[in-house]
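Accompanying notes for the structure given below.
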Amino acid sequence: HLIGTIPIQFADLPRLSVLSLWGNALTGSVPNLDNATNLRAILLGNNQLTGTIPTVFGTMPRLEIVALWNMGLAGSIPPSLFDSKELVAVAIGGNELTGTIPKSVGRPTLMQGLAMESNLLTGTIPSEIGNLVELEALTVHSNMLTGSIPASIGNCTLLRALELGDNNLEGFVPATLGNLRNLQLLHLQRSDLKGSLNFLCSKRRLIAADCGGPNAEVECDCCAPCCNDQMQNCGFYLDVSTLILDCLSKGYCQQKT
40 HLIGTIPIQF
50 ADLPRLSVLS
60 LWGNALTGSV
70 PNLDNATNLR
80 AILLGNNQLT
90 GTIPTVFGTM
100 PRLEIVALWN
110 MGLAGSIPPS
120 LFDSKELVAV
130 AIGGNELTGT
140 IPKSVGRPTL
150 MQGLAMESNL
160 LTGTIPSEIG
170 NLVELEALTV
180 HSNMLTGSIP
190 ASIGNCTLLR
200 ALELGDNNLE
210 GFVPATLGNL
220 RNLQLLHLQR
230 SDLKGSLNFL
240 CSKRRLIAAD
250 CGGPNAEVEC
260 DCCAPCCNDQ
270 MQNCGFYLDV
280 STLILDCLSK
290 GYCQQKT
């Protein structure tokens, strides 16, 4: 494993297109990389980096992938992170990020994968998520998000995986989830949602929700497992790092033609 800090000289390589240093023992902060304007992919996950997400990433016109998962990043998610219209994947889960999900999350309409799970995020899920019509995976589980699931999420008709569990979400499950014809995995467990999910039972899907125990909050005849708020562990979540690496190796994480 590589140790030490990431050399600042990487920022002075204007022809650099991919920076892949994930899965090492690197320390220090994420470099600004402000002069590496041709970067398409920044893959630094599974290191010991700390500090904040550089705001300069949003100024990189060709940036498609930002993968900063499972580290020690703190601070808020800079709204400018989503300024690049070329973005197809952002993975910033498994950190200590605070604050809210910025409304700018709806800007990169080519986005296919968005992972912000296992942080300390608060506030609501922005309705602007519905602008991401190419989105196939959304994981924001294990935060402190409140409010309801935005009905606009039904615009993301290509979604295959939607993980919103282990938050403080409330309100009724939106009927617009029925628009997600490709949905294979839905995790809503350990929240305060109400209503019925039976309208999703006509297709074979893996669904986890709070439909168990004497005080079931959700009606669901096809959920496996049926959870409740008292259960310490219920169900499982996707391993986002595995998804990212598989996506890259098969060439899926790239703009669709």
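Counting along the sequence shown from 1, when you hit position 215 you're at 254 in the numbering used here, and nothing is skipped either side.
Where is the CB? At the ideal position from N, CA and C, for every residue including glycine.
On a predicted model such as this, the values are computed, not experimentally measured, just so you know.
Residue pairing by DSSP leaves valine 144 without any beta bridge partner. Between threonine 163 and glycine 132 the beta-carbon gap is near 18 angstroms, outside 8 angstroms, which marks them as no contact.
For proline 147, the closest of Ser157, Pro100, Asn109 and Met110 by C-alpha to C-alpha distance is Pro100. Counted as a single uninterrupted DSSP element, the beta strand (DSSP E) harbouring aspartate 231 occupies residues 231-235. Glycine 210 carries a strand assignment under DSSP once its states are collapsed to helix, strand and coil. Judged by DSSP in its simplified three-state form, leucine 184 adopts coil rather than helix or strand.
In chain order, Val69, Leu88, Thr89, Gly90, Thr91, Ile92, Ile131, Asn134, Glu135 and Leu136 place their CB closer than 8 angstroms to the CB of leucine 112, counting only its own chain and leaving out the 5 sequence neighbours on each side.
Runs of beta strand (DSSP E) with 3 or more residues, each lying fully within the stretch 54-130, are found at 57-59, 64-66, 80-82, 104-106 and 128-130, listed in chain order. For the options Leu203, Leu126, Pro118 and Ser241, the alpha carbon positioned closest to that of alanine 248 is the one of Leu203. The straight-line gap separating the alpha-carbon atoms of leucine 55 and glycine 114 is approximately 27 angstroms. Judged by DSSP in its simplified three-state form, isoleucine 192 adopts helix.
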